[in-house]
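Participant: Numbering (the numbering used here), first residue to last: 1200 to 1463. Before anything else, here's the structure in question.
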C-alpha cells in the first residue's frame, strides 16, 4: 500500500513542481519585460519567424472551421424557424470561440514547438550556460522576445482567422444552404456587440502568452540530450493544448457572467 502511494505521489509532486516553475517563469517574464535595454532586434526577428510559420496554416484551418460553424448553426437555426439570425449566430460562434481556439492551436503547434526546439538545442549545446557565465540573463535576452512575439502574433492571427472564418461561413451559408446575403449581413447587429470582439482578442493574447511561457520553459529544461529536446517539444505542445482549453472555459464562463447578452 505504501509503495503504491509512493509511486502515485512521485508524478504528482513532479507535476505540481512543474506548474510552480512555469508560473515562476511567467512572473519572471512579466518582470523583465520592462527592464532595459529591450531586445528589439530579437523581438522583431522572432515575431517575423512566428508569423511566417503561422499565417498560412491559420488561414487554411479557418476556412473549414468557419464552414462547419456556419453549416451547423444554419441547420439548427432553420429548424427553429429563425433563419434571419443565421449570420449573427455564425459570427458570434466564430469570433468568440472558433477564432481564438484556431489561433491557440496554430500558435502552440507551429510556433510553440519551434520555440521549444530552438531553446532546447541552445540548452544542450550549453549556450544558455555560456550566457549566464558572461553575465547575460537568458530570460531577458531570449525568452522575453519570444513570448512577446508569440503574444503579438496571436493577436494579429486572431483577427485574420476571424475575417477568414466569417467569409467562409458567409460563402457556405449563402451558396450551400440557400441563405439570403442581405439577411446574413444585416443580422450582425442583432445579437453581436463590440465586447464579443474584445473577448476574442483577449483570449488570443492570453493564449499566446501561455503558449510562449510553456514552450520557453520546456525548451530551457530538456532532459537526455537531443532525444530530450524532442520529448520537450512534444510535452510543450500537449501541455499547452490542455491549459489553453481549460483557460478558454474559464474566460468564457466569466465573460458570459459579466457581460450581458445584447437585448437581455
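Backbone N, C-alpha and C fix where the C-beta goes; we use that ideal spot for every residue, glycine too. All values derive from a computational prediction rather than experimental measurement.
Kindly list the residues whose CB is nearer than 8 Å to the CB of residue 1448, restricted to its own chain and excluding five residues on each side of it in sequence; keep chain order.
Facilitator: Here the set comprises nothing.
Participant: Compute the Euclidean distance between the alpha carbons of residue 1294 and residue 1399, then round it to the nearest angstrom.
Facilitator: One C-alpha to the other measures close to 6 Å.
Participant: Look at the alpha carbon of residue 1417 and the alpha carbon of residue 1315, and state the distance between them as a whole number of angstroms.
Facilitator: Those two C-alpha atoms are separated by around 6 Å.
Participant: How about residue 1346 and residue 1411: are their beta carbons less than 7 Å apart?
Facilitator: Going by C-beta atoms, residue 1346 is nearer than 7 Å to residue 1411.
Participant: Identify whether residue 1336 lies in helix, strand or coil by the three-state DSSP scheme.
Facilitator: If DSSP states are grouped into helix, strand and coil, residue 1336 belongs with coil.
Participant: Measure the alpha-carbon distance for residue 1262 versus residue 1250 and round it to whole angstroms.
Facilitator: Roughly 18 Å separates the two Cα atoms.
Participant: Taking the runs of the beta strand (DSSP E) that are 3 residues or longer, which of them lie wholly in the stretch 1372-1454?
Facilitator: The stretch 1372-1454 contains no whole beta strand (DSSP E) run of 3 or more residues.
Participant: For residue 1263, does the three-state DSSP call read helix, strand or coil?
Facilitator: It is helical.
Participant: Where does residue 1236 fall in DSSP's three states?
Facilitator: Three-state DSSP puts residue 1236 in coil, outside helix and strand.
Participant: If I follow the unbroken alpha helix (DSSP H) through residue 1304, where does it start and stop?
Facilitator: Looking at the DSSP string, the run of the alpha helix (DSSP H) that includes residue 1304 is 1298-1305.
Participant: Assuming contact is defined by CB atoms lying nearer than 7 Å, are residue 1371 and residue 1270 in contact in what I supplied?
Facilitator: In this structure, residue 1270 lies closer than 7 Å to residue 1371 by Cβ.
Participant: Does the beta-carbon distance from residue 1332 to residue 1231 come in below 7 Å?
Facilitator: No, Cβ-Cβ distance for residue 1332 and residue 1231 is not below 7 Å.
Participant: What are the start and end residues of the alpha helix (DSSP H) that includes residue 1314?
Facilitator: Taken as a continuous stretch (DSSP letters only), the alpha helix (DSSP H) holding residue 1314 covers 1312-1323.
Participant: In this structure, how does DSSP classify residue 1459 when only helix, strand and coil are distinguished?
Facilitator: In this structure, residue 1459 counts as coil in the three-state DSSP scheme.
Participant: Do you know offhand how far residue 1337's Cα is from residue 1327's?
Facilitator: Taking the straight line from one Cα to the other gives about 6 Å.
Participant: Whole angstroms are fine: how far does the CA of residue 1375 sit from the CA of residue 1423?
Facilitator: Each residue's Cα considered, the two are about 53 Å apart.
Participant: Between 1414, 1456, 1445, which lies nearest to residue 1220 when the distance is taken from Cα to Cα?
Facilitator: With distances taken between Cα atoms, residue 1220 lies closest to 1414.
Participant: What number of angstroms, rounded off, separates the C-alpha of residue 1246 from the C-alpha of residue 1215?
Facilitator: Whole-angstrom Cα-Cα distance: 31 Å.
Participant: Assuming residue 1354 and residue 1403 are in contact, meaning their beta carbons sit under 8 Å apart, how far apart are those beta carbons, in whole angstroms?
Facilitator: With a Cβ gap of about 5 Å, residue 1354 and residue 1403 count as contacting.
Participant: Less than 7 Å between the C-beta atoms of residue 1305 and residue 1256, yes or no?
Facilitator: The answer is yes: Cβ separation under 7 Å.
Participant: If you draw a straight line from the alpha carbon of residue 1436 to that of residue 1312, how long is it in whole angstroms?
Facilitator: Residue 1436 and residue 1312: Cα-Cα distance of roughly 6 Å.
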